[in-house]
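Position in the sequence shown (first residue = 1) + 14 = the working numbering. Beta carbons are placed, not taken as given, at the ideal position from N, Cα and C, and that holds for glycine.
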Amino acid sequence: MHTHTLYHTHTLSLTHTLSVSLSHTHTHYSLFSLCL
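Here you go:
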């Protein structure tokens with residue numbers, strides 16, 4: 015049970031990190047396109 019909760023939290027954390035990373039990249043790309 016404890017291991018499962020730990021795994022679930024880690025997965026959520028990883029998903030959140032990926033989401034933020036993608037969002038940041040998208041924003042950066044949009045600004046770059048705007049400059050062109």
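Taking only the alpha-carbon atoms, compute the straight-line gap between residue i and residue j and give it to the nearest angstrom.
i	j	result
residue 23	residue 32	14 Å
residue 46	residue 39	10 Å
residue 26	residue 19	11 Å
residue 30	residue 50	30 Å
residue 17	residue 48	46 Å
residue 4	residue 36	Residue 4 is absent from the structure shown; the chain starts at 15 and stops at 50.
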